[in-house]
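Single-structure report; data block below.
Residue numbers (my numbering): 10 to 208.
See below:
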């Protein structure tokens, strides 16, 4: 059911928004320029140990410096990071997710992702996906669109009009992600509960 296929209609590069009563805006479609990395990118490369206690503004200057010097200068706000196998392996550290957000990366899509990194990304509101075949679907500099459907997530190359479909996220993970992370979801639920109690 899931795999690469070509479709005839052109890809619309846009965003679709909805919001809660509190005005929190989330998106059901993401589109961005692709930047690429290889396999086995571990958290010590993403957030080097000697810098992880510094502010994110300092840490982001050293992200990936062990393999891509001046990585922060190559990233633009809104980029989508496409990586190879076992992205985010190594020790668990929230800074390895937070620094990606600080750099402006709006999603990470990899051939495979370390379990702890994937869960941490979702919890902090950073879309992180395992998509076998993604490295063949898009190249650096191309545009990738990610659409959240009810029954699937679509990853589409906006130039070639090829796409990969993956199963939809479990309902709770989807709600957390589209709320902007677990903390935002909890704040929204508390707000809604307080509002209901006052009515």
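For glycine and all other residues, C-beta sits at the position ideal for the given N, C-alpha and C.
Quick check on DSSP: helix, strand or coil for residue 152? strand
What residue range is occupied by the uninterrupted alpha helix (DSSP H) comprising residue 183? 180-187
Would residue 178 and residue 186 be called neighbours here (beta carbons separated by less than 8 Å)? yes
What would DSSP say about residue 56, mapped onto helix, strand or coil? coil
At least 3 beta-carbon pairs within less than 8 Å: the region 39-52 vs the region 88-97: yes
Own chain residues within Cβ distance below 7 Å of residue 216, not counting five before or after: As shown, the chain starts at 10 and ends at 208. That puts residue 216 outside it, with no answer to give.
If you measure between the beta carbons of residue 108 and residue 143, is that distance less than 8 Å? no
Beta-carbon within less than 8 Å of residue 103's beta-carbon, same chain only, minus the 5 sequence neighbours each way: which residues are those? 129, 133
Do you know whose CA, among 111, 64, 53, lies nearest residue 75's CA? 53
Could you tell me whether the Cβ atoms of residue 113 and residue 79 are closer together than 8 Å? no
Which residues does DSSP pair with residue 133 in a beta bridge? Beta-bridge pairing links residue 133 to no other residue.
Member of 105, 87, 77 whose CA lies at the smallest distance from the CA of residue 64: 105
Look at the alpha carbon of residue 57 and the alpha carbon of residue 110, and state the distance between them as a whole number of angstroms. 16 Å
Cβ shell of residue 126 (< 6 Å), same chain only, five flanking positions each side left out: 97
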